[in-house]
Amino acid sequence: KVGTACKGSETLRAGDKAQRSILLNVSLTPPANLSSPLTFAIYQKKEEIALQLLRLPLLNLTVLTSNGVSSATAAASQGFATILTRMAQVQAAQANIRAKRRKDGLDCQEDSYLGVDMLSAADVTIGGVTPLMVAAQNGHVAAVRALCDAGVAVNQGKSSDGYTALNFAAYEGHMHCVAALLDAGADVHAVTTDRGVGALYVAAETGMVDTVQLLLEKGATVDVKRTDGGATPLMAAAEKGHVDVVLSLLNAGASVEADCDGTGYTALSFAAQGGHVTCLSVLLSAGADPNVATAEYGWTPLMAATEAGSLDAVQVLLGAGADVNATTSDRYTALHFAIDSRQPYIVQALLEAGADVSTADDRGYTPLMLTGMSVGPLNLRIAQQLLFAGADVSVKDKDGKTVLDHLKEERERVAGKGSRAKKSVQKQRTTAKTTKGKRKAKRGKEEVEETTASLTSQVDQIVETVQKFRRLQASPGADEVSKAKRRRKGTRA
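Once you know that position 198 of the sequence shown is 214 in the working numbering, the rest is easy, because the numbers rise by one and skip nothing.
What follows is the structure in structure tokens.
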């Protein structure tokens, strides 16, 4: 019992001795970073010892580890529901003691921890999470229920990135924890995170289909939009390729036409950008428009799939009626994007679908001209595809340059870059003080020479091919190009 004098510190010291006695009896000595024997016992999964410690008078539950973790958070992370329940009882008893002291006009600074609610307090040094958040994130449903039964407010408190306990449980797909939190009064509609999303969005984003279905059953709004950007749960699932979640949301009435705050980005756009073929098929079957374009740039799902390098996605969209010759605001077509990303198989698919090889962008660059810029291993093959499809080698851009002019500039660029790199490694070799360093510089020089020679050869091969077709196109029998194209198609068939 606490007398009329301030004896809290004496009682606490007696408690410390009892704690040490218990720990010594089981050979448990807390390391320096775990200043609380209670926390150490919890992390060692010594539940019975922790419960014994909780029987000690005026036990300090507020002691944190060097990482800022409280004993309540430690218990929540391990799923020790019994310990959390006992902590709630200890905390209530300590609150009664403090109330009695105030009534008697007594207080003691050393015992100020008696007024702290450790079951709800956030561990600021580890992201502002509370014990309830930790239990929910780790899927410890019994611990979640114990904390809720102890009166912890389920809708209060947010982590440093705005997550609540419900967000954490939904993100990880811990459906039973989600159910327990909702039963305890968690707000299924709350939008709390820094990204402006709620539980349904994060569950959809991480592909937790069972959790998504539960949240929908509990009344979550299927087309709720992020406050930051306007994306919906359907878009989040489509972007990640979670087809089961996409189906679940569509069955619940999600709109395939919804876009991000008028930007034109739809779920189909996100699925195409990720090359998620099955999601594309599902969305198209649900009525998604294959030709929806972004408002500012005119970017279509076909262009997105082309940039993603997904031939299957391109074919699905073409089969659904995507316009192969749609242009962006700067007159780029899907064919331009395919050449930029060096995708010969996609180039061929687009050509077979009727892509126009003569469409020039706002700089006057035709698809063929792009093959003469930033030459790589596949440029020759793509140039041949375009030439056999009838690309005109004499067309000039807005600066009056043809594809051969661009190839000449590319050859000079390759030579100049190679020369600078060669001088750099030569300087390294000259300044190298060890034999190992000189050998390394020599190898570097050889690699530069090989790379430069390879790129120059690739440019020359494209030049040779273009010149050949230029002669054919300029000759009276220019229709030989068309015949060659037909022969090529016949051979491929």
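Using N, Cα and C, we set each Cβ at its ideal position, and we do this for glycine too.
This structure is a prediction, so every number in the text was calculated from the model and none was measured.
Residue from the options with nearest C-alpha to residue i
i	options	result
residue 230	186, 270 and 208	186
residue 241	234, 378 and 250	250
residue 136	158, 100 and 155	100
residue 442	456, 263 and 220	456
residue 166	103, 149, 110 and 370	103
residue 359	386, 184 and 98	386
residue 188	207, 410, 306 and 217	217
residue 206	182, 420, 307 and 97	182
residue 263	293, 299 and 168	299
residue 335	323, 163, 356 and 293	293
residue 228	204, 244 and 150	204
residue 285	268, 305, 267 and 243	305
residue 68	106, 79, 95 and 84	106
residue 488	454, 409 and 416	409
residue 295	309, 319 and 266	266
residue 470	384, 392 and 413	392
residue 261	232, 246 and 244	232
residue 483	460, 384 and 63	384
residue 75	95, 84, 62 and 52	52
residue 62	85, 460 and 95	95
residue 369	418, 347 and 318	318
Cut-off 7 Å between Cβ atoms - residues of its own chain near residue i, not counting five sequence neighbours on either side
i	result
residue 321	288, 291, 329, 330 and 333
residue 303	272
residue 239	248, 270, 271 and 274
residue 464	434, 437, 438 and 441
Cβ-Cβ distance between residue i and residue j below 8 Å
i	j	result
residue 316	residue 354	no
residue 373	residue 406	yes
residue 236	residue 253	no
residue 272	residue 282	yes
residue 314	residue 345	yes
residue 108	residue 58	no
residue 198	residue 234	yes
residue 376	residue 350	no
residue 196	residue 92	no
residue 87	residue 54	yes
residue 382	residue 431	no
residue 155	residue 193	yes
residue 479	residue 420	yes
residue 221	residue 256	yes
residue 170	residue 164	yes
residue 212	residue 243	yes
Neighbourhood of residue i by C-beta, 6 Å cutoff - its chain only, sequence neighbours within 5 removed
i	result
residue 258	223
residue 226	191
residue 40	Annotation note: pLDDT 44 at residue 40 (below 50); position unreliable, no value reported.
residue 339	307
residue 162	97, 100 and 101
residue 177	210
residue 472	430
residue 245	276
residue 476	none
residue 148	163, 168 and 181
Residue i, buried or exposed, once every other Cβ within 10 Å from all chains shown has been counted against 16
i	result
residue 390	exposed
residue 388	buried
residue 462	exposed
residue 153	buried
residue 42	Note on residue 42: pLDDT 42, under 50, position unreliable in the model; no value is reported.
residue 490	exposed
residue 365	buried
residue 110	buried
residue 427	buried
residue 447	exposed
residue 326	buried
residue 451	exposed
residue 466	exposed
residue 126	Summary for residue 126: the model assigns pLDDT 43, below 50, so the residue's position carries little reliability; its value from the coordinates is reported in the next sentence. Classification for residue 126: exposed.
residue 361	exposed
residue 112	exposed
residue 115	exposed
Contacts around residue i, its chain only, beta-carbon distance under 8 Å, and the 5 residues preceding and following it disregarded
i	result
residue 481	396, 399, 400 and 403
residue 297	332
residue 357	322, 323 and 325
Minimum Cβ-Cβ distance from residue i to chain B less than 8 Å
i	result
residue 236	Here chain B cannot be found, since the structure has a single protein chain.
Any alpha helix (DSSP H) of 4 or more consecutive residues that is wholly inside the stretch 278–360: 283–289, 293–301, 317–324, 327–335 and 350–356
Kindly provide the ranges of any alpha helix (DSSP H) runs that are 4 or more residues long and lie completely inside the stretch 200–235, ordered along the chain. 215–221 and 225–233
Give the list of continuous alpha helix (DSSP H) stretches no shorter than 4 residues that lie fully inside the stretch 133–189. 147–153, 157–165 and 181–188
List in chain order: all unbroken alpha helix (DSSP H) runs of 4+ residues lying wholly within the stretch 353–441. 360–368, 383–386 and 395–404
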